[in-house]
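**Student:** Numbering (mature numbering (1 follows the signal peptide of the UniProt record, and there is no 0)), first residue to last: -21 to -1, 1 to 79. Cβ coordinates follow ideal geometry from the N, Cα and C atoms, glycine included. All values reported here derive from a predicted model rather than from experimental measurement.
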Amino acid sequence: MKPLLTSLLLAAAMLAGQAHASAELAQKNNCLACHSVDKKVVGPAFKDIAAKYKGQNVQAKLEEKVKKGGSGSFGPVPMPPNPQVSDADLKTLVKWILSQ
């Protein structure tokens, strides 16, 4: 029982660390200037994005939307391009957003 409990605690700690790291990544890349986790700012809340695309295979589509920008998905305000975000950071950010 103790090894199982230890494994579960380690897994929870790792996931919490990943969530914290991804939130820091969103801050570092200025995502939080227009978005928040749970409420609309200029752009949609990350939870609203996750809900809209739940169960869909949209990782690559959203990575491209973050990198190149776009409009029309959540209203008239366009998403500006973010070419400075590395491919590795894009994958992490989009995966984190979709997990909200």
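Can you pull the DSSP bridge partners for Gly48?
**Tutor:** The partner list for Gly48 (beta bridge, DSSP) is empty, contrary to what the question assumes.
**Student:** Kindly indicate the opening and closing residues of the alpha helix (DSSP H) around Val73.
**Tutor:** For Val73, the uninterrupted alpha helix (DSSP H) run begins and ends at 66 to 77, by DSSP.
**Student:** Excluding the 5 residues flanking Lys19 on each side, which residues of the same chain have their C-beta closer than 8 Å to its C-beta?
**Tutor:** Asp27
**Student:** Give me the Cα-Cα distance between Gly51 and Cys10, rounded to the nearest whole angstrom.
**Tutor:** 18 Å
**Student:** Compute the Euclidean distance between the alpha carbons of His14 and Val45, then round it to the nearest angstrom.
**Tutor:** In a straight line, the C-alpha of His14 is about 12 Å away from that of Val45.
**Student:** In whole angstroms, what is the alpha-carbon distance linking Leu41 and Val21?
**Tutor:** Rounded to the nearest whole angstrom, the CA to CA distance from Leu41 to Val21 is 18 Å.
**Student:** Just curious, the alpha helix (DSSP H) that Ala24 is in, first and last residue?
**Tutor:** Run containing Ala24: none; DSSP gives neither H nor E here.
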